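Visitor:
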Amino acid sequence: MKVGFIGAGKMAKALCQGFISTGLINKSEILASDINPSKLKEISRLGVQTTSCNREVVKKNDIVYVAVKPPLVREVLREVSPVVNPSNLFVSIAAGITTKTMEEVLPKGCRVIRVMPNIAVVVQAGACAYTPGTSAKNEDVEVVTQMLTCVGSVEEIPEELMDTVTGLSGNGPAYGFITIQGLADGGVKMGLNREQSTRLAAQLLLGAAKMVLGIDSHPEQMKDEVCSPGGTSIHALHKLEKSGFRAALVDAVEAGTLRSKELGKLFNKTAD
Numbered sequence: 010m011k012v013g014f015i016g017a018g019k020m021a022k023a024l025c026q027g028f029i030s031t032g033l034i035n036k037s038e039i040l041a042s043d044i045n046p047s048k049l050k051e052i053s054r055l056g057v058q059t060t061s062c063n064r065e066v067v068k069k070n071d072i073v074y075v076a077v078k079p080p081l082v083r084e085v086l087r088e089v090s091p092v093v094n095p096s097n098l099f100v101s102i103a104a105g106i107t108t109k110t111m112e113e114v115l116p117k118g119c120r121v122i123r124v125m126p127n128i129a130v131v132v133q134a135g136a137c138a139y140t141p142g143t144s145a146k147n148e149d150v151e152v153v154t155q156m157l158t159c160v161g162s163v164e165e166i167p168e169e170l171m172d173t174v175t176g177l178s179g180n181g182p183a184y185g186f187i188t189i190q191g192l193a194d195g196g197v198k199m200g201l202n203r204e205q206s207t208r209l210a211a212q213l214l215l216g217a218a219k220m221v222l223g224i225d226s227h228p229e230q231m232k233d234e235v236c237s238p239g240g241t242s243i244h245a246l247h248k249l250e251k252s253g254f255r256a257a258l259v260d261a262v263e264a265g266t267l268r269s270k271e272l273g274k275l276f277n278k279t280a281d
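Okay, here's the thing in structure tokens:
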């Protein structure tokens, strides 16, 4: 399987690392382009091929990941449109950019799929969602699902909810990192060293996540089972609830969702 990336930033690199480490794609079968030489140098350390020419990526690969920032998507797709051929499948990971926008810029009938991964794909623990464009075939969905399954979980989501996915799981690792940092700070405050605190905090979130995904029980019920009457857990949770912890998480997802929608309004407008 030959795969191209237009854009060689953090998410492109993370996906490449995930695909290579699982053995799904040989590193020599990946070609990445970028206008930034330092990004090309960084991603080339994975052993992938690099180029400064976006059209070369499209010419040489059937599956093309569009991994540039949202403001650049239209420009990049216009640039490569003259060399697009019927075998090309475009997979966009740009926040807020709809399949309709891509289909308007690319040649008529071009197959596109919109994907929202997250950075955890680098350790094969990503949370990915996708929505196919109007011309995407079942086999296109199958191959993209196969690729994403190798680097995490995959959900098909209606396009009108893809901004919500961005606010929830797309941004989610950042929520997890700051939670781990806060818990580790608490451990340090109470006497543990930084390394121990960070490992324990990360492991507790990993364990909780595995329980939620692996046990047929609601998180609220699991929380109740941890809280003994008069025990330490319920006292700690009382502090979290008083501080608005749960509401802050809801607000974070809402803010991320609304920002994704704002980006969509800016960059999905039909060009003059």
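Adding 9 to a residue's 1-based position in the sequence shown gives its number in the numbering used here. Using N, Cα and C, we set each Cβ at its ideal position, and we do this for glycine too. None of these values were measured; they are calculated from a predicted model.
Taking Glu39 as the reference, which of Val12, Glu112, Glu169 and His247 has the closest Cα?
Guide: The sequence given here places Ile at residue 39; Glu does not occur at that position. The shortest Cα separation from Ile39 among Val12, Glu112, Glu169 and His247 belongs to Val12.
Visitor: From the DSSP output, which residues share a beta bridge with Met125?
Guide: BP columns for Met125 point to Ala138.
Visitor: With a 10 Å radius around its C-beta and 16 neighbouring C-beta atoms as the bar for buried, classify Leu213 as buried or exposed.
Guide: Under this definition Leu213 is an exposed residue.
Visitor: What's the C-alpha gap between Ala138 and Ala193?
Guide: In a straight line, the C-alpha of Ala138 is about 30 Å away from that of Ala193.
Visitor: Would you decide whether Arg203 is buried or exposed? Buried here means 16 or more other CB atoms lie within 10 Å of its CB.
Guide: Exposed.
Visitor: In terms of alpha-carbon separation, which member of Ile187, Ala129 and Tyr184 lies closest to Val163?
Guide: Measuring from the Cα of Val163, the nearest candidate turns out to be Ala129.
Visitor: Of all the options Lys232, Asp225 and Lys22, which has the alpha carbon lying nearest to the alpha carbon of Lys48?
Guide: Looking at the Cα atoms, Lys22 is the closest of the given residues.
Visitor: Measure the alpha-carbon distance for Glu168 versus Thr108 and round it to whole angstroms.
Guide: Answer to the nearest angstrom: the Cα atoms are 8 Å apart.
Visitor: Between which two residues does the beta strand (DSSP E) containing Gly161 stretch?
Guide: It spans Gly161 to Glu165 - the beta strand (DSSP E) in which Gly161 sits, taken as one unbroken run.
Visitor: Which residues in the same chain have their Cβ closer than 7 Å to the Cβ of Met220, if we skip the five residues on either side of it in sequence?
Guide: Here the set comprises Met231.
Visitor: When burial is assigned at 16 or more other CB atoms within 10 Å of the CB, is Ser226 buried or exposed?
Guide: Exposed, because fewer than 16 other Cβ atoms sit within 10 Å of the Cβ of Ser226.
Visitor: Where Lys278 and Leu246 are concerned, what is the direct C-alpha to C-alpha distance, given to the nearest angstrom?
Guide: The alpha-carbon atoms of Lys278 and Leu246 are separated by roughly 45 Å.
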